[in-house]
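Asker:
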Amino acid sequence: MIEPILVINAGSSSLKFSVFESIGDDFALRLRGQVEGLFTAPKFVAKDAGDTVLASQDWAEGTQLGHEGAMKCISGFLADHGVPRPAAVGHRVLHGGLEFSAPAKLNASVMTRLEKYVPFGPLHQPHNLTPIRLLMDQFPDLPQVACFDTAFHRTQPQVSELFALPLEFAEEGIRRYGFHGLSYEYISSVLGDYDKRAASGRTIVLHLGNGASMAALSAGLGVATTMGFTALDGLPMGTRCGAIDPGVLLYLMDQKGMNARDIEKLLYRESGLLGLSGVSSDMRALLASDSSRARLAVDYYVYRVAREIGSFAAALGGVDALVFTGGVGENAALIRARICEASHWLGVRLNSAANQTRGPRISMDDSAVAVWVIPTNEELMIARHVRRTLRG
Numbered sequence: 036m037i038e039p040i041l042v043i044n045a046g047s048s049s050l051k052f053s054v055f056e057s058i059g060d061d062f063a064l065r066l067r068g069q070v071e072g073l074f075t076a077p078k079f080v081a082k083d084a085g086d087t088v089l090a091s092q093d094w095a096e097g098t099q100l101g102h103e104g105a106m107k108c109i110s111g112f113l114a115d116h117g118v119p120r121p122a123a124v125g126h127r128v129l130h131g132g133l134e135f136s137a138p139a140k141l142n143a144s145v146m147t148r149l150e151k152y153v154p155f156g157p158l159h160q161p162h163n164l165t166p167i168r169l170l171m172d173q174f175p176d177l178p179q180v181a182c183f184d185t186a187f188h189r190t191q192p193q194v195s196e197l198f199a200l201p202l203e204f205a206e207e208g209i210r211r212y213g214f215h216g217l218s219y220e221y222i223s224s225v226l227g228d229y230d231k232r233a234a235s236g237r238t239i240v241l242h243l244g245n246g247a248s249m250a251a252l253s254a255g256l257g258v259a260t261t262m263g264f265t266a267l268d269g270l271p272m273g274t275r276c277g278a279i280d281p282g283v284l285l286y287l288m289d290q291k292g293m294n295a296r297d298i299e300k301l302l303y304r305e306s307g308l309l310g311l312s313g314v315s316s317d318m319r320a321l322l323a324s325d326s327s328r329a330r331l332a333v334d335y336y337v338y339r340v341a342r343e344i345g346s347f348a349a350a351l352g353g354v355d356a357l358v359f360t361g362g363v364g365e366n367a368a369l370i371r372a373r374i375c376e377a378s379h380w381l382g383v384r385l386n387s388a389a390n391q392t393r394g395p396r397i398s399m400d401d402s403a404v405a406v407w408v409i410p411t412n413e414e415l416m417i418a419r420h421v422r423r424t425l426r427g
């Protein structure tokens, strides 16, 4: 029996964890939590499956806890709450390149191969790999599995992956990979429980959160996505710009004297909803604000999402369903309503009452395009992958 399974999702300044136990052929969440502010003012919180807080801890401003300290904190919490050493650990890893189209059991050779993708995701990949190394050093016999955010999109056709650059650049790895793949894979895995027509047909999934993207699915397989070589492309996000004319970057370098690090900071941390609004990167704050710039940011967000729906409708040759997921997609009824209104030309007819209660179906029965709200569960997807991978 492969249990319990520990799932780790490590970012640059946070480390999230979940503990799953087997229930029949699937898993049930037992515990979850996170340590955030790893290098500034760390905060730890852990909850049970019912969202009851079991433990919390704050550190002083300026404390450099780091990933190693966060892992020790989590290990201590699990021991204190009677969780045995995990049978296996699953990790969310940003980039698997073209060679990893499925989860991989981790060893020294795989880690060397994953290091190659650090330049492709310098703000994510190194931090994803850090807890893996820590656990390898401390528990060399502990099975670990990497689950990739890029893997789901490997079913894209070549024309969807390529940029119109000299082909040798694509052969070196500069191409559209796509991200949020674990979320899309989970939605694809459960879509048939909600809508069999959508599961076998043409579906657009909108993963809308602080990071935002969309994917076009044909019979459950990815054929197009808004994110590209990095997680910057496509939709505007909390602090990321989304699609931008590359000529703007040349202008910033030539006329503003900005270097690569300056532009990185601008595009990743100072743009998106925050940059447009000057108020917040949080959609909840923008919807509550009476600032004209906040309204502009929301208008721009809705416009770009609706425009990409049109693009994906063309890529799919029509649309059978839209699925909203992610923090904004699952919780912001007004954003869903405005996107559906902008998609009326496709035959979308919103059920306003169902939309207010999150459906799960939020379209009218006679809507040509079914619209759903389906909560994503990337951590559960990782736990499932760990068991399948270790069972071979």
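In terms of the working numbering, the sequence shown is residues 36 to 427. For glycine and all other residues, C-beta sits at the position ideal for the given N, C-alpha and C.
1. Taking the alpha carbon of residue 354 as the reference point, which residue from 264, 255, 414 has its own alpha carbon closest?
2. Which residue wins for smallest C-alpha separation from residue 326, given the options 313, 404, 317, 338?
3. Which of the three DSSP states is assigned to residue 108 in this structure?
4. Got a sec? Which residues, its chain only, sit under 8 Å from residue 305 by beta carbon, not counting five neighbours each side?
5. Taking 8 Å as the cut-off, is the beta-carbon of residue 192 closer than that to any non-hydrogen atom of the ligand HEM?
6. If you drop the 5 nearest sequence neighbours on each side, which residues of the same chain put their C-beta closer than 7 Å to that of residue 196?
7. Taking the beta carbon of residue 194 as the centre, do at least 16 other beta carbons fall within 10 Å, making it buried, or is it exposed?
8. Here's the rule: buried if 16 or more other CB atoms are within 10 angstroms of the residue's CB, otherwise exposed. What is residue 221?
9. With DSSP as the reference, please indicate the residues paired to residue 163 in a beta bridge.
10. Please determine if the stretch 401-418 and the stretch 372-386 are in contact, where contact requires at least 3 C-beta pairs separated by less than 8 Å.
11. State the start and end residues of the unbroken alpha helix (DSSP H) segment that holds residue 397.
12. Is residue 130 helix, strand or coil when you go by DSSP?
13. Taking the alpha carbon of residue 110 as the reference point, which residue from 43, 98, 420 has its own alpha carbon closest?
14. Can you list, in chain order, the residues of its chain with a C-beta nearer than 8 Å to that of residue 331? Leave out the 5 residues immediately preceding and following it.
15. For the beta strand (DSSP E) that contains residue 50, what are its first and last residues?
16. Pull up the DSSP beta-bridge partners for residue 260, would you.
17. Between which two residues does the beta strand (DSSP E) harbouring residue 181 extend?
18. Going by Cα to Cα distance, which pick from 271, 272, 298, 270 is closest to residue 282?
19. Within the continuous beta strand (DSSP E) that includes residue 391, where are the two ends?
20. Count the C-beta pairs between the stretch 62-79 and the stretch 43-53 that are closer than 8 Å, then say yes if the count reaches three, no if not.
21. Tell whether a beta-carbon distance below 9 Å holds between residue 62 and residue 415.
22. Pick out whichever of 233, 244, 41, 175 has its Cα sitting closest to the Cα of residue 64.
23. Alpha carbons only, please: which of 243, 262, 235 is nearest the one belonging to residue 253?
24. What are the start and end residues of the beta strand (DSSP E) that includes residue 79?
25. Within a Cβ cutoff of 8 Å, which residues of the same chain sit near residue 335, ignoring the five residues on either side of it in sequence?
26. Excluding the five sequence neighbours on either side, which residues of its own chain have a C-beta within less than 6 Å of the C-beta of residue 267, listed in chain order?
27. Under 8 Å: do the stretch 168-186 and the stretch 229-247 share three or more Cβ pairs, one atom per stretch?
28. May I ask which residues mark the beginning and end of the alpha helix (DSSP H) holding residue 359?
29. Answer with buried or exposed for residue 77, where buried requires no fewer than 16 other C-beta atoms within 10 angstroms of its C-beta.
30. Mark residue 163 as exposed unless 16 or more other C-beta atoms lie within 10 angstroms of its C-beta, in which case mark it buried.
Answerer: Taking the definition as stated:
1. In the sequence shown, the residue the question calls residue 354 occupies position 319. Of 264, 255, 414, the residue nearest in Cα terms is 255.
2. As a first step, residue 326 is located in the sequence shown; it is residue number 291 there, counting from the start. That would be 313, whose Cα lies nearest to the Cα of residue 326.
3. Against the sequence shown, residue 108 aligns to sequence position 73. Residue 108: helix per DSSP, three-state reduction.
4. As a first step, residue 305 is located in the sequence shown; it is residue number 270 there, counting from the start. For residue 305, where only same-chain residues beyond five positions count, the Cβ hits under 8 Å are 274.
5. Although the ligand HEM was asked about, the structure shown includes no ligands whatsoever.
6. As a working mapping, residue 196 is identified with position 161 in the sequence shown. These residues qualify, in order along the chain: 210, 211.
7. Stepping through the sequence shown from its first residue, residue 194 is reached at position 159. Its Cβ having fewer than 16 others within 10 Å, residue 194 is exposed.
8. Translated into positions along the sequence shown, residue 221 becomes position 186. Residue 221 is buried by the Cβ-count criterion.
9. What you label residue 163 is simply residue 128 of the sequence shown in a count that begins at 1. Paired residue(s): none; residue 163 is not in a bridge.
10. yes
11. Here the question's residue 397 lines up with position 362 in the sequence shown. Neither: residue 397 is in no alpha helix (DSSP H) and is coded neither H nor E.
12. In the sequence shown, residue 130 corresponds to position 95, counting from 1. Residue 130 falls in the coil class under three-state DSSP.
13. For the purposes of this step, residue 110 is identified with residue 75 of the sequence shown, where counting begins at 1. The shortest Cα separation from residue 110 among 43, 98, 420 belongs to 43.
14. For this step, residue 331 is matched to residue 296 along the sequence shown. Excluding sequence neighbours, residue 331 sits near 311, 312.
15. Walking along the sequence shown from the start, residue 50 turns up at place 15. Note, residue 50: beta strand (DSSP E), 49-58.
16. Translated into the one-based positions of the sequence shown, residue 260 becomes position 225. According to DSSP, residue 260 bridges with 250.
17. For this step, residue 181 is matched to residue 146 along the sequence shown. That run of the beta strand (DSSP E) goes 179-183.
18. Mapped onto the sequence shown, residue 282 falls at position 247. Per the Cα distances, 298.
19. Position 356 of the sequence shown, counting from 1, holds the residue named residue 391. Premise fails: residue 391 lies in the alpha helix (DSSP H), 387-391, not in any beta strand (DSSP E).
20. yes
21. Residue numbering aside, residue 62 sits at position 27 when the sequence shown is read from its first letter. Residue numbering aside, residue 415 sits at position 380 when the sequence shown is read from its first letter. Yes, they are a contact pair.
22. The count along the sequence shown starts at 1 and reaches residue 64 at position 29. Ranking 233, 244, 41, 175 by Cα distance to residue 64 puts 41 first.
23. By 1-based counting over the sequence shown, the position of residue 253 is 218. Residue 253 has its Cα closest to that of 235, out of 243, 262, 235.
24. Counting from one through the sequence shown, the residue named residue 79 turns up at place 44. Per DSSP, residue 79 is one residue of the beta strand (DSSP E) stretching across 78-83.
25. The count along the sequence shown starts at 1 and reaches residue 335 at position 300. So the qualifying residues of the chain are 271, 311.
26. Here residue 267 is taken as the residue at index 232 of the sequence shown, counted from 1. Take residue 267, set aside five residues on each side of it, and the residues of its chain with a beta-carbon closer than 6 Å to its own are 275, 302, in chain order.
27. Between the stretch 168-186 and the stretch 229-247, the count of Cβ pairs shorter than 8 Å is below three; the stretches do not touch.
28. Working through the sequence shown from its first residue, we reach residue 359 at position 324. It is not in any alpha helix (DSSP H) - residue 359 instead sits in the beta strand (DSSP E) that spans 356-360.
29. Numbered from 1 along the sequence shown, position 42 holds the residue referred to as residue 77. Residue 77 counts as buried, since at least 16 other C-beta atoms from the protein chains shown sit within 10 angstroms of its C-beta.
30. The residue given as residue 163 occupies position 128 in the sequence shown. The residue in question, residue 163, is buried, as its Cβ has 16 or more Cβ neighbours within 10 Å.
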